[in-house]
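Numbering (this note's numbering), first residue to last: 1 to 69.
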């Protein structure tokens, strides 16, 4: 339960962090193409691997939050 509470606190920061990456990639590569999408997801999945498999759902939820905004 402590882990769950910690995760709830982390999610907004993760969302902001990935939104920052997303904005950076969008500015670096203004043309929205498959290359940008691939680059973004490679970055995201590398973070998933670094943080561990338990956090993949949290990261996916953060990604979904970004896609909604």
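Just so you know, even glycine gets a beta-carbon here, dropped at the ideal spot from N, CA and C.
Fair warning: this is a prediction, and the values are worked out from it, not measured in the lab.
Taking the beta carbon of residue i as the centre, do at least 16 other beta carbons fall within 10 Å, making it buried, or is it exposed?
| i | result |
| --- | --- |
| residue 63 | buried |
| residue 40 | buried |
| residue 24 | exposed |
Alpha carbon to alpha carbon, how far is residue j from residue i? Give it in angstroms, no decimals.
| i | j | result |
| --- | --- | --- |
| residue 45 | residue 8 | 20 Å |
| residue 3 | residue 26 | 33 Å |
| residue 5 | residue 17 | 19 Å |
Excluding the 5 residues flanking residue i on each side, which residues of the same chain have their C-beta closer than 8 Å to its C-beta?
| i | result |
| --- | --- |
| residue 28 | none |
Please go through the same chain and pick out, in chain order, the residues whose beta-carbon is closer than 7 Å to the beta-carbon of residue i, but skip the five residues on each side of it.
| i | result |
| --- | --- |
| residue 43 | 21 |
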